[in-house]
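Count along the sequence shown starting at 1, add 7, and that's the number in our numbering.
In this text, a Cβ means the ideal position worked out from N, Cα and C, and glycines have one as well.
Read the structure below first, then the notes.
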Amino acid sequence: MPKVSEVLAGSLLDRLDAELFLGEVLNFTPTELFAQPDFAIPETALARFHAFEKSRLTGKSVAAILGRKEFFGLDFFVNENVLIPRPETELLVEEILKIAPRSLLDVGTGSGAIAISVKKNLPHCHIVANDVSPAALAVAQKNSQNLGVEIEFIESDLLEKISGEFDLVAANLPYVPDDSHELQKSVADFEPRLALFGGADGMDLLRCLLRQISKLAQKPKFVLLEFGGGVQTEILEKFARELFPDSEITILLDLAGIARVLKITCSMEHEAHNT
Ligand code: GLN
Numbered sequence: 008m009p010k011v012s013e014v015l016a017g018s019l020l021d022r023l024d025a026e027l028f029l030g031e032v033l034n035f036t037p038t039e040l041f042a043q044p045d046f047a048i049p050e051t052a053l054a055r056f057h058a059f060e061k062s063r064l065t066g067k068s069v070a071a072i073l074g075r076k077e078f079f080g081l082d083f084f085v086n087e088n089v090l091i092p093r094p095e096t097e098l099l100v101e102e103i104l105k106i107a108p109r110s111l112l113d114v115g116t117g118s119g120a121i122a123i124s125v126k127k128n129l130p131h132c133h134i135v136a137n138d139v140s141p142a143a144l145a146v147a148q149k150n151s152q153n154l155g156v157e158i159e160f161i162e163s164d165l166l167e168k169i170s171g172e173f174d175l176v177a178a179n180l181p182y183v184p185d186d187s188h189e190l191q192k193s194v195a196d197f198e199p200r201l202a203l204f205g206g207a208d209g210m211d212l213l214r215c216l217l218r219q220i221s222k223l224a225q226k227p228k229f230v231l232l233e234f235g236g237g238v239q240t241e242i243l244e245k246f247a248r249e250l251f252p253d254s255e256i257t258i259l260l261d262l263a264g265i266a267r268v269l270k271i272t273c274s275m276e277h278e279a280h281n282t
């Protein structure tokens, strides 16, 4: 039976990926793996490792292969029906937590990463999360059960079937332009198109959601939308200003300095009229 050190040295994968997979098949923590280079790998574990290795060499991400991804310190189950949570989306969660709304609507929840991370940190917040994809909702539901939080899930295309009032509406909708060639292979080949692409400039769904929000009888106090930065920034900001002329509109940067979140602090129209 080959040893840990031999298999790591002989793998075609990046060292880190090989260590992750080996830790997974042996049920070892990174420290345990590091401490036992001479551990003999049983045959079934080795076969699983080679299957992971083969899959990784096709370009599939480690998260997609293992079926889980860490987000906001929580372990999320993922499959081919959802976007794999991205670290930059943690900015959106942090902003929601700063506002600490009493109610939240997470539009296009996917794996449920945003809604569930918020609920874990704001247990008294009433959270509704929707998605157009029943398969994605099944993943979100599973995650909410695994992580022990209660969220109301609704199958709905944007706000079509949503009623009620929310302090905050947040969304990480698809925003990649249809003809984008910038996506990594691990994304373009293995993540759902429905969760990625948003029309010619990527912003069809963002615009549609903003229009729907602007028409609500009871507007939320805050809107937080993730988008792609770059050329989208000015277009989205202008669009939001036209729809919400009396509201405060800000753009938040992610840790890489990329414009990432559009924040609308809605003016309370009835209050404005009274003054
Ligand atoms: N940031 C993601 C990517 O570029 C896209 C996520 C999204 O469309 N919401 O892979």
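Closest residue to residue i among the options (Cα-Cα distance)
i      : options                        : result
Ile271 : Val238, Gly236, Thr240, Pro227 : Pro227
Ala16  : Glu159, Phe197, Arg93, Pro44   : Pro44
Lys168 : Val139, Ala147, Met275         : Val139
Asp208 : Ala142, Ala54, Gly235, Pro141  : Gly235
Arg22  : Phe46, Glu60, Phe35            : Glu60
Ala58  : Ile123, Ala25, Val100, Pro94   : Ala25
Euclidean distance between Cα positions of residue i and residue j
i      : j      : result
Leu223 : Gly171 : 10 Å
Asn179 : Ile103 : 13 Å
Ile48  : Leu27  : 15 Å
Phe197 : Glu87  : 7 Å
Ile121 : Leu64  : 30 Å
Pro9   : Thr51  : 12 Å
Arg248 : Val14  : 57 Å
Phe56  : Leu29  : 6 Å
Ala71  : Pro199 : 12 Å
Ser12  : Leu190 : 34 Å
Glu233 : Ala107 : 18 Å
Met6   : Leu203 : Since the displayed the chain opens at 8 and closes at 282, residue 6 lies outside it and no answer follows.
Asn34  : Leu20  : 19 Å
Asp211 : Gly205 : 5 Å
Val176 : Leu53  : 47 Å
Residue i Cβ short of 7 Å to the ligand GLN heavy atom set
i      : result
Asn179 : yes
Val32  : no
Arg283 : Nothing can be reported for residue 283: it is not among the residues displayed for the chain, which extend from 8 to 282.
Glu39  : no
Glu233 : yes
Cβ contact check for the stretch 239-252 and the stretch 100-117: 3 or more pairs under 8 Å: no
Cβ pair count under 8 Å reaching 3, the stretch 181-195 against the stretch 142-155: no
Sufficient close CB pairs (3 or more, under 8 Å) joining the stretch 70-89 to the stretch 122-131: yes
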